[in-house]
Amino acid sequence: MPAPALITQTPPDLAGLRAALLDWFARSGRAALPWRRLGEAGARDPYRVWVAEILLQQTQVARGLEYYGRFLSAFPTVEALAAAPEDAVLKAWEGCGYYARARNLRRAAGVVTRQGFPRDYAGWLALPGVGPYTAAAVASLAYGEARAVSDGNVRRVLSRLYAQAAPTDAWVQARADDLLDPARPGDWNEAVMDLGATVCTPKAPRCAGCPLRAFCAAFASGTPAAFPAPKVRAAVRAVRAVAVIVGDAEQAVLERRAGTLLGGLSGLPAEELAAGEAPYAGLARLCARLGAEPGAHLGTVAHAMTHRRVTLEVYAAYSGAPRTPVAGAALSRLDHKALALLAPWQEGLFGPE
DNA sequence: AAAGCGGGGAA
DNA sequence: TTCCCAGCTTT
């Protein structure tokens, strides 16, 4: 059976659709977002746009706002970012997740410092950490290039507009390319994303206030929230691990995490437990590696990540290994939770007094 | 094409 | 709980 071709075509009244959304954007868009501020030349600063786009990858705007100002204060220019130690960049990113973003951003800043800012989509796409979305966003917002962004908001809005329950990435990009207003690509891209974030929301879309209601096949269907269908997600893996605190909340033995998981961050020495392995066995293994003596069980920490559910048994341990100031290190939330187990002891709640 | 990568907000 | 967030890189 052929797909219902009609609803996958560009809407007949394309000009009307564009006008409706851009008019809504002018009245109801999120104009106050700091990365939308114009520079002296009346244009967006590419560096500020770029930092925002990286920060907002898979990160909600409300959270990005918590980091954006601090990050720019710490690294006001691309040269400052390129010259900064990776540790310092990760410290500014601490708690925000997906830390490869910060490392790639710093690495790309080095390229830009040597070669200058890319002038077009292809040039941006070549930088580490910049994919199709980010390249289109910077090219359109800072340079006025007619490139359509495709992100989670765009996917949801277009899935509903065409009542396409299972859109592929290529399908979304093609529809986004069709609809993009080539005269105002930056405004158009932000308008679609704002609509997705504030009106065409995942669970309970506010169709009554939607400027595209008259064009929307999902609204016409009566069940707009059914589009798009939920993505199939990988199962969450339960992980048990043991970690030791050698030192105290101010100074402790920390290790640099290698690999892709929390790579580049510092953290308490830790070992993953094998299936069925007792925590004490892992503690013994960990202490043998560190040349440390095992101490008291300090507590258990539960930590959820997208694809893991971590249960961490935290122990004290003792050795003469050099300790690092905790406050200056970039740590994951998991390590902060583990260190927080020391708080009751420091408060003297369980002490002799 | 699919998996891996953080952490938290909303319903 | 479940789903998703201004995605990218690697396999």
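The first sequence begins at 1 in UniProt numbering and counts up one residue at a time.
Just so you know, even glycine gets a beta-carbon here, dropped at the ideal spot from N, CA and C.
Discussion item. Using the Cβ count rule (16 or more neighbours within 10 Å means buried), how would you classify Pro322?
Written reply: exposed
Item to complete: Mind checking which residues open and close the alpha helix (DSSP H) that includes Thr198?
Response: 185-198
Item to complete: Whole angstroms is fine: what's the gap from Met1's alpha carbon to Ala163's?
Response: Any reading at Met1 must be qualified, since the residue scores a pLDDT of 29, below 50, and its modelled position is unreliable; the value itself is stated next. The alpha-carbon atoms of Met1 and Ala163 are separated by roughly 17 Å.
Discussion item. Can you check which of these residues, Ser319, Ala92, Ala15, is closest to Ala288 by C-alpha distance?
Written reply: Ser319
Worksheet item: For the alpha helix (DSSP H) that Ala235 lies in, which residues bound it at each end?
Response: It is not in any alpha helix (DSSP H) - Ala235 carries neither H nor E in the DSSP assignment.
Worksheet item: Per DSSP, Val244 is paired with what?
Response: Tyr315
Worksheet item: Taking the C-alpha atoms as reference points, what is the distance between Val149 and Thr134?
Response: 8 Å
Worksheet item: Is it right to say Tyr280 is buried, meaning 16 or more other beta carbons lie within 10 angstroms of its own, or is it exposed?
Response: exposed
Worksheet entry | Val232, buried or exposed, once every other Cβ within 10 Å from all chains shown has been counted against 16 | exposed
Worksheet entry | Every unbroken alpha helix (DSSP H) inside the segment 317-341 [4 residues or more] | 333-340
Worksheet item: Looking only at its own chain, which residues have a Cβ that is under 6 Å from the Cβ of Asp335, when we skip the five neighbours before and after it?
Response: Gly267, Leu268
Worksheet item: Got a sec? Which residues, its chain only, sit under 8 Å from Arg101 by beta carbon, not counting five neighbours each side?
Response: Ile54, Leu55, Gln57, Trp93, Gly129
Worksheet entry | Under the three-state DSSP convention, the category Arg44 falls into | coil
Discussion item. Quick test of your reading: Gly295 and Ala317, contact by CB under 8 Å. State the CB separation rounded to the nearest angstrom.
Written reply: 5 Å
Discussion item. By the three-class DSSP mapping on this structure, what secondary structure does Pro205 have?
Written reply: coil
Worksheet item: Which runs of the alpha helix (DSSP H), 4 residues or longer, sit entirely within the UniProt domain "HhH-GPD" (55-198)?
Response: 61-74, 78-83, 86-93, 100-115, 121-125, 132-143, 152-161, 169-179, 185-198
Worksheet item: Asp194: buried (16+ other C-beta within 10 angstroms of its C-beta) or exposed?
Response: buried
Worksheet item: Which stretch, first to last residue, makes up the alpha helix (DSSP H) that contains Pro279?
Response: 279-290
Worksheet item: Is Glu250 helix, strand or coil when you go by DSSP?
Response: coil
Worksheet item: If we ignore side chains and look at the alpha-carbon of each, how far apart do residue 361 and Arg256 end up?
Response: Residue 361 lies beyond the stretch modelled for the chain, which goes from 1 to 353, so this question has no answer here.
Practice prompt. Can you say whether Pro325 is buried or exposed, counting buried as having 16 or more other CB atoms within 10 angstroms of its CB?
Written response: exposed
Worksheet item: Between Ala191 and Phe25, which are expected to be in contact by the criterion C-beta below 8 Å, what is the C-beta distance as a whole number of angstroms?
Response: 4 Å
Discussion item. Give me, in chain order, the residues of the same chain whose beta-carbon lies closer than 7 Å to that of Glu86; leave out the 5 immediate sequence neighbours on both sides.
Written reply: Arg103, Arg106, Gly264
Item to complete: Compare the Cα-Cα distances from Phe227 to each of Leu65, Ala270, Arg160 and report the closest residue.
Response: Arg160
Worksheet item: In terms of DSSP beta bridges, what is Glu53 paired with?
Response: Answer by DSSP bridge pairing: none, since Glu53 is not bridged.
Worksheet item: If you run the structure through DSSP and keep just helix, strand and coil, what is Arg27?
Response: helix
Worksheet item: How long is the line joining the alpha carbons of Pro12 and Ser221, rounded to whole angstroms?
Response: 19 Å
Item to complete: Given a cut-off of 7 Å, decide if Val157 and Ala243 are closer than it, judged by their beta-carbon atoms.
Response: no
Discussion item. Between which residues of its own chain and Gly282 is the CB-CB distance below 6 Å, once the five residues before and five after are set aside?
Written reply: Val242, Glu271, Leu273
Practice prompt. Look at the alpha carbon of Ser154 and the alpha carbon of Arg333, and state the distance between them as a whole number of angstroms.
Written response: Inspection of the sequence shows that residue 154 is occupied by Val rather than by Ser. Taking the straight line from one Cα to the other gives about 30 Å.
Fill in: the segment 69-83 / the segment 110-127 touching (three or more Cβ pairs under 8 Å)
yes
Practice prompt. Confirm, please, whether the CB-CB distance from Cys96 to Tyr143 is below 7 Å.
Written response: no
Practice prompt. Might you give, ordered along the chain, the residues of its own chain that have their beta carbon closer than 6 Å to the beta carbon of Leu342, omitting 5 neighbours on each side?
Written response: Ala249
Item to complete: Compute the Euclidean distance between the alpha carbons of Gly116 and Gly16, then round it to the nearest angstrom.
Response: 40 Å
Worksheet item: When the distance is taken between beta carbons, is Val199 closer than 7 Å to Cys216?
Response: no
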